[in-house]
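**Q**
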Amino acid sequence: MIWKPIATAPKKHQKPILLGFPGSVHVGIWYEGKRKQGWLVIDEPKCGIGASPTHWMPLPEPPTQ
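Residue numbering for the sequence shown is 10 to 74, as defined by my numbering.
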């Protein structure tokens with residue numbers, strides 16, 4: 010898989026892999042609340058909303074065996 014610019018990331022019903030954090034990669038979702046919107050890291054509770062990824066890629070399919 011190839012990293013794609015974050016501007017092309019899906020913002021509904023998907024959990025892409027996000028790149029752009031200081032030396033790390035996370036799974037996240039796009040969050041739209043009444044007062045805030047942005048990328049929400051879901052695999053690291055300490056990160057929360059407001060992440061600034063630069064690239065993304067879809068999660069791979071799970072193994073069949």
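Beta carbons are placed, not taken as given, at the ideal position from N, Cα and C, and that holds for glycine.
1. In the DSSP assignment, find the unbroken beta strand (DSSP E) run with W39 in it and report its ends.
2. Is A60 helix, strand or coil by DSSP?
3. Based on Cα-Cα distance, which residue from V36, P14, I58, I26 lies nearest to R44?
4. Report the three-state DSSP secondary structure of I15 (helix, strand or coil).
5. Tell me the rounded alpha-carbon separation between V36 and T73.
**A** In this structure, then:
1. In this chain, the beta strand (DSSP E) harbouring W39 covers 33 to 41.
2. strand
3. I58
4. helix
5. Here the C-alpha atom of V36 lies approximately 21 Å from the C-alpha atom of T73.
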